[in-house]
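Notes follow the structure.
Rendered as structure tokens:
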């Protein structure tokens, strides 16, 4: 229980999960005009829905008490990995259900995008620390600016704007998340 409070799960993470759910249901299949260098200027607003959840997750992970955690007998790294998996798993299930209930494919991809962007953030966190929270935002801007062909369809490497049924996007998101979680397990005690 103390670990949950130290990680700010009841306040920060719970609020960000609620925000994610509300945004998934509100945004649905909304498109916005954004500047682009190479392709289409209309981008699904749902691409940005995972950002508050990912930022809240980073805040929770950075809310550590290093001396107590480093000297403790509990495996805090495993607890953190479970927290990450539970939060993002909830996001994936919620977005898939919303996509099916609302018949909104873009809403259904928000969970996959949260999976991918969280994996990127966790990989970057091992090197950059808390500043890695900006990696998902940078990725989204990179995708918006140069991630679309002139015909309007996204390049396969972009992952996040791909349609719900794109197998390579699902595989890429799962691999990014698993890699990020493994990096988190390996490096969590080394960060202070």
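Residue numbers (this note's numbering): 305 to 496. The beta-carbon is built from N, C-alpha and C at its ideal position, and this holds for glycine as well. In this text, all values refer to a predicted model and were calculated from it rather than measured experimentally.
The beta carbon of residue 489 is closer than 6 angstroms to those of 381 and 385 in its chain, skipping five residues each way along the sequence. For residue 462, same chain residues with a beta-carbon under 7 angstroms away, outside a window of 5 residues either side, are 447 and 451 in chain order. One thing to note: residue 355 has its Cβ no nearer than 8 angstroms to the Cβ of residue 465.
Within the DSSP bridge table, the entry for residue 458 names 452 as partners. When rounded, the separation of the alpha-carbon atoms in residue 425 and residue 455 is 30 angstroms. Around the beta carbon of residue 410, 16 or more other beta carbons lie within 10 angstroms, which makes this residue buried.
If only complete runs of 3 or more residues are kept, the segment 319-347 shows the beta strand (DSSP E) at 335-337, in order along the chain.
The C-alpha of residue 339 lies about 43 angstroms from the C-alpha of residue 307. Under the 8 angstroms Cβ criterion, the segment 356-369 counts as touching the segment 310-319, having at least three qualifying pairs. Collapsing the DSSP output to three states places residue 356 in a helix.
Cβ-Cβ separation between residue 363 and residue 316: approximately 5 angstroms, consistent with a contact (criterion under 8 angstroms). The count of Cβ pairs closer than 8 angstroms, one atom from the segment 423-437 and one from the segment 477-491, reaches three, so the stretches are in contact. If you ignore the 5 residues before and after residue 420, its C-beta comes within less than 6 angstroms of the C-beta of 463, 477 and 480, all in its own chain and listed in chain order.
Taking a C-beta distance under 8 angstroms as the contact criterion, residue 353 and residue 331 qualify as a contact pair.
Residues of the same chain with a CB within less than 7 angstroms of the CB of residue 328, apart from the 5 flanking positions on each side, are 353, 398, 399, 402, 411 and 414 in chain order. In chain order, 423 place their CB closer than 8 angstroms to the CB of residue 482, counting only its own chain and leaving out the 5 sequence neighbours on each side. Buried is the label assigned to residue 324, since at least 16 other Cβ atoms lie within 10 Å of its Cβ.
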